[in-house]
Amino acid sequence: MEAVDPRSLSPTHPRRIIVVGGGYAGLTFVTTLAHRMKASDDIEIVLVDPRPYQQALSELDLVAAGTPRPQFAELWYADVLRGLPIKVVYDRLECVRPDDGLIEIGPRGGPVVSLTYWRLVLATGAIPFVPPVPGLRESAITMWSVDDAMKLQRALEEQFRYGVTLCDPRERACAIAVTVVGGGATGVEIAGTIADRMPPMIKRAGHDPKELTLTLIEGRPDILYDLPEVQRIRARSRLQKMGVSILLGRKLEKVESGVAYLESGVEVPSPVLVWCGGAHADPDAVQWGLAADNSGRLVCDENLKAQGQAAIYVVGDVAAFRDPSSGRILPMLAQFAIREAAHAADACLHEARGLPLAPFVPNMHGEFVSIGPKWGVGWMFGVNVSGWFAIVMKRLTYVMYWVQVGSFRLARKRTAQMLRMRH
Ligand SMILES: Cc1cc2nc3c(=O)[nH]c(=O)nc-3n(C[C@H](O)[C@H](O)[C@H](O)COP(=O)(O)OP(=O)(O)OC[C@H]3O[C@@H](n4cnc5c(N)ncnc54)[C@H](O)[C@@H]3O)c2cc1C
6 MEAVDPRSLS PTHPRRIIVV GGGYAGLTFV TTLAHRMKAS DDIEIVLVDP RPYQQALSEL
66 DLVAAGTPRP QFAELWYADV LRGLPIKVVY DRLECVRPDD GLIEIGPRGG PVVSLTYWRL
126 VLATGAIPFV PPVPGLRESA ITMWSVDDAM KLQRALEEQF RYGVTLCDPR ERACAIAVTV
186 VGGGATGVEI AGTIADRMPP MIKRAGHDPK ELTLTLIEGR PDILYDLPEV QRIRARSRLQ
246 KMGVSILLGR KLEKVESGVA YLESGVEVPS PVLVWCGGAH ADPDAVQWGL AADNSGRLVC
306 DENLKAQGQA AIYVVGDVAA FRDPSSGRIL PMLAQFAIRE AAHAADACLH EARGLPLAPF
366 VPNMHGEFVS IGPKWGVGWM FGVNVSGWFA IVMKRLTYVM YWVQVGSFRL ARKRTAQMLR
426 MRH
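Residue numbering for the sequence shown follows my numbering, starting at 6 and increasing by one per position.
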């Protein structure tokens, strides 16, 4: 890998593939292509991302728990891409000009550099969606970056330190209170992490761990809607045993002075409020003149090409790929981002070699949600799994990803780090 100044790149390389976004999709694309291409393909790979590392979003719960370890969810390009023929430009995409076959990169509103492409791969991901509920934006911590996870960690620590100085147990219970809004996988994982982490802290301070007020609010009638019902029941019962109050079918009305007011009139003390209520595609994407769906995701065809654009692929969370078997747009999941990207990398190679393209066929072999660090629920190959086995499987998916984009050496190093983790 070589970090380059974009101005040093040849103005017209005939086979330049620019990949914008080095998350799950972008990193999978560049590594798959770099491993499979031959010198005779004469392909130049350029990865554009302002950060020098991937933020592994699905590992954020490991950062939000325990001692500060932001590095756990960071995969540095210098480690992962070592020895591969990939040029990395640390910058952000400002504009796509499909008619001219070029992109402009540079700081928002600042001077830009133009780069031509033979193929462009857009993998710019998504950002959290925060609805216009009064007081929510100002008080909520979202969960979409290592910084978010660190912010939550600090907020929990500060609130705990303040709470344990209060003498009245009722005041303490209002101060050491955390509300997680959103009962999807992210909200459940964060609630489970906090339920595991905070009671021992409170006990060490000489108070009853049951004084923790931990509430999970979900607007729909149940949590983890994507899982089979039996797994949802197991997940609820595990969370409740861990001290989480689950409020279903409730909507937030406003957040004010550390209290969440629900439409049903319920008031929940929430000095720390985590918003896990959903995401929408990179909002810049709709300005690039490409076809987008109502949620802002870029519409792609069966080959993962942006609608009507022969030279542009879209993969990962920013892409709206309709599964032909279910007729539904694929959910924003790392496992789909990875599969789409690997398929698109092969498709580019086929194009370079004049071979026909095969349509992308999505499939899902399993899904796992952690509830605390040692227990989880999910399914694999149609079979429900729960307990420590689900956690082992979840962590194994990380290991497989590290091997796929990096190497056994990288996977060994990160597995050792994961096993050494203490709470
Ligand atoms: C807390 C959490 C837990 C999750 N857990 C799971 C899980 O257990 N299993 C699962 O399958 N999925 C999970 N997901 C979803 C999964 O993380 C996403 O589907 C996945 O990250 C999508 O990958 P991506 O490459 O499309 O986007 P991202 O991983 O978000 O990467 C996008 C990249 O684009 C870059 N970028 C953005 N804009 C620009 C620009 N203008 N110019 C240049 N670069 C740009 C960003 O810097 C970033 O590096 C979780 C998500 C969250 C938030």
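We put the CB at the ideal spot given by N, CA and C, even for glycine.
Close beta carbons around residue i, own chain, < 8 Å, minus the five adjacent residues each side
{"i": "ARG12", "result": "VAL118"}
{"i": "LEU267", "result": "ILE222, LEU252, ARG255, LYS256, LEU257, GLU258, VAL273"}
{"i": "GLU194", "result": "ASP66, VAL374, SER375, ILE376"}
{"i": "PHE386", "result": "HIS370, GLY371"}
{"i": "SER275", "result": "SER144, ALA182, VAL183, THR184, THR220, VAL260, GLY263, VAL264, ALA265"}
Residue interval of the beta strand (DSSP E) (run including residue i)
{"i": "LEU107", "result": "107-110"}
{"i": "GLY168", "result": "No beta strand (DSSP E) holds GLY168; the alpha helix (DSSP H) holding it covers 151-168."}
{"i": "ILE146", "result": "145-147"}
{"i": "GLU258", "result": "257-261"}
{"i": "GLU272", "result": "272-274"}
{"i": "PRO133", "result": "131-133"}
{"i": "ALA284", "result": "284-286"}
{"i": "VAL126", "result": "124-127"}
{"i": "SER45", "result": "No beta strand (DSSP E) contains SER45, which DSSP labels as neither H nor E."}
{"i": "ILE376", "result": "Per DSSP, ILE376 belongs to no beta strand (DSSP E) and is neither H nor E."}
{"i": "GLU223", "result": "218-223"}
{"i": "ILE251", "result": "249-253"}
{"i": "TYR318", "result": "317-319"}
{"i": "VAL117", "result": "Element bounds for VAL117: n/a, residue is neither H nor E."}
{"i": "TYR230", "result": "Unbroken run through TYR230: none, as it is neither H nor E."}
{"i": "GLN59", "result": "58-60"}
Cβ-based neighbour list, residue i, same chain, cut-off 7 Å, excluding 5 preceding and 5 following
{"i": "ARG237", "result": "ASP227, ILE228, LEU229"}
{"i": "TYR29", "result": "GLY321, ALA339, ALA342, ILE343"}
{"i": "ALA61", "result": "ALA78, LEU80"}
{"i": "ALA160", "result": "ILE146, VAL277"}
{"i": "ALA128", "result": "VAL24, VAL25, GLY26, GLY28, ALA30, GLY31, PHE34, VAL320, GLY321, VAL323, ALA346"}
{"i": "ARG87", "result": "MET6"}
{"i": "VAL410", "result": "LEU32, THR33, THR36, VAL85"}
{"i": "ASP96", "result": "PRO11, VAL53, PRO55, ILE110, GLY111"}
{"i": "SER144", "result": "VAL260, LEU278"}
{"i": "LYS4", "result": "As shown, the chain starts at 6 and ends at 428. That puts residue 4 outside it, with no answer to give."}
Element boundaries [alpha helix (DSSP H), containing residue i]
{"i": "GLN409", "result": "393-410"}
{"i": "HIS355", "result": "339-357"}
{"i": "LEU32", "result": "29-41"}
{"i": "SER242", "result": "234-246"}
{"i": "PHE413", "result": "413-425"}
{"i": "MET206", "result": "190-209"}
{"i": "ALA180", "result": "174-180"}
{"i": "TYR82", "result": "82-85"}
{"i": "ALA69", "result": "65-69"}
Whole-angstrom C-beta distance between residue j and residue i, which should lie under 8 Å
{"i": "LEU171", "j": "GLY192", "result": "Not really, about 28 Å apart at Cβ, beyond 8 Å."}
{"i": "ASP46", "j": "ALA357", "result": "5 Å"}
{"i": "LEU89", "j": "GLN59", "result": "Actually they do not touch by this definition, with Cβ atoms about 14 Å apart."}
{"i": "TYR406", "j": "ILE343", "result": "7 Å"}
{"i": "GLY187", "j": "GLU261", "result": "Not confirmed; about 20 Å, so no contact."}
{"i": "THR218", "j": "ALA190", "result": "Going by Cβ atoms, the distance from THR218 to ALA190 rounds to 23 Å, so no, they are not a contact pair."}
{"i": "THR121", "j": "THR37", "result": "THR121 to THR37, Cβ: 23 Å. No contact."}
{"i": "GLU216", "j": "ALA178", "result": "5 Å"}
{"i": "ARG239", "j": "VAL388", "result": "Between VAL388 and ARG239 the Cβ distance is about 14 Å, and since that is not below 8 Å, they are no contact."}
{"i": "VAL323", "j": "ALA286", "result": "5 Å"}
{"i": "ILE108", "j": "MET6", "result": "In fact, because the Cβ distance is near 20 Å, the residues do not count as touching under 8 Å."}
{"i": "GLN164", "j": "ALA180", "result": "6 Å"}
{"i": "ARG124", "j": "ILE22", "result": "5 Å"}
{"i": "ILE110", "j": "VAL53", "result": "6 Å"}
{"i": "VAL169", "j": "ALA210", "result": "4 Å"}
{"i": "ALA1", "j": "GLN312", "result": "The first residue shown for the chain is 6 and the last is 428, placing residue 1 beyond what the model contains."}
{"i": "ILE132", "j": "ALA284", "result": "6 Å"}
Proximal residues to residue i (C-beta, below 6 Å), its chain only, five neighbours per side dropped
{"i": "HIS348", "result": "PHE365"}
{"i": "LYS208", "result": "PRO214"}
{"i": "ASP298", "result": "VAL304, ALA325"}
{"i": "ASP84", "result": "none"}
{"i": "ALA154", "result": "LEU65, VAL68, ALA69"}
{"i": "ALA416", "result": "VAL404, TRP407, VAL408"}
{"i": "TRP149", "result": "PRO133"}
Bridge partner(s) assigned by DSSP for residue i
{"i": "ARG102", "result": "LEU107"}
{"i": "ARG327", "result": "ILE334"}
{"i": "ALA265", "result": "VAL260, VAL273"}
{"i": "ARG20", "result": "Bridge partners of ARG20: none, in fact."}
{"i": "CYS305", "result": "ALA311"}
{"i": "LYS92", "result": "GLU7, VAL51"}
{"i": "ASN389", "result": "TRP384"}
{"i": "VAL138", "result": "Looking at the DSSP assignment, VAL138 forms no beta bridge with any residue, so it has no partner."}
{"i": "TRP280", "result": "THR147, VAL186"}
Check: residue i C-beta below 8 Å from any heavy atom of ligand 3
{"i": "SER13", "result": "Ligand 3 is absent from the structure shown, which contains only ligand 1."}
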